[in-house]
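Chains as they are written, first to last, in our numbering: chain A, 112 to 226; chain B, 114 to 228.
In structure tokens, the structure reads:
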């Protein structure tokens, strides 16, 4: 079991749907991340929140909208996605802020399929 | 631009046959090199952080080493349960924006250990 919990584990949505992915950690980590991973590829960074503020947005399309309600929770709101957005979406956290070199701890991801 | 190259892409070992996985990197000032293990359909699991050349870390059958240009993950007497994809990532020196604090991942090495 990981200490970063993601829900749901699987999600199937149509291109007109609105859905949200959720991530939670109780390790007291101050940075939280969203990554996207396609099959047989390394994770690709999407967003970073450091001390609950958006620090990095890797030019992600606006159909992906992150939210950090508090230091333990991270959401990713999805709207009008395309089939090519189907992937494993990973949440991670790290002890320090975005500028620290502490390791990332990943959740087990949400497998998203867009039909 | 930071680069990480992992080799070989895939490695098949017999149980008990020791070997090494390579991670070559170029980075403008290394702040940390990270090894992760990823099982199919799961998130990456943190293994080691190495911060400076000459550093070594061990965990069970795994030993990670670091030079100024590459890192090795040595696997001693592997077992079938060591089968996974092993990811290497580097973090560069941080500028005032924090933007280059993000990890650069290699493409991973898929290890299969036959009983």
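All C-beta atoms in this analysis are idealised placements derived from N, C-alpha and C, irrespective of residue type, glycine included.
When Cβ pairs closer than 8 angstroms are counted between the two stretches, the segment 194-213 of chain A is seen not to touch the segment 127-138 of chain B, the count staying below three. Setting aside the 5 residues that flank it on each side, residue 192 of chain A is surrounded in the same chain by 124, 126, 174 and 225, each with a C-beta closer than 7 angstroms to its C-beta; the list follows chain order. The C-beta of residue 116 of chain B comes no closer than 8 angstroms to any C-beta of chain A. Taking a C-beta distance under 8 angstroms as the contact criterion, residue 156 of chain A and residue 223 of chain A do not qualify as a contact pair.
Sequence-distant Cβ neighbours of residue 188 of chain A in its own chain, meaning closer than 6 angstroms and more than five residues away, are 131 and 176. Within the model, the alpha-carbon separation for residue 224 of chain B versus residue 168 of chain A is close to 33 angstroms. In terms of CA proximity to residue 215 of chain A, B:157 leads the group B:135, B:114, B:134 and B:157. For residue 144 of chain B, the chain A residues whose C-beta falls within less than 7 angstroms of its own C-beta are 212, listed in chain order. The contact set of residue 124 of chain B on chain A, defined by CB atoms closer than 9 angstroms, is empty, because the minimum CB distance reaches about 15 angstroms. Closer than 7 angstroms at the C-beta level to chain B, one finds these residues of the segment 181-212 of chain A: 201, 209, 210 and 212. Bounds of the beta strand (DSSP E) holding residue 161 of chain A are 155-161.
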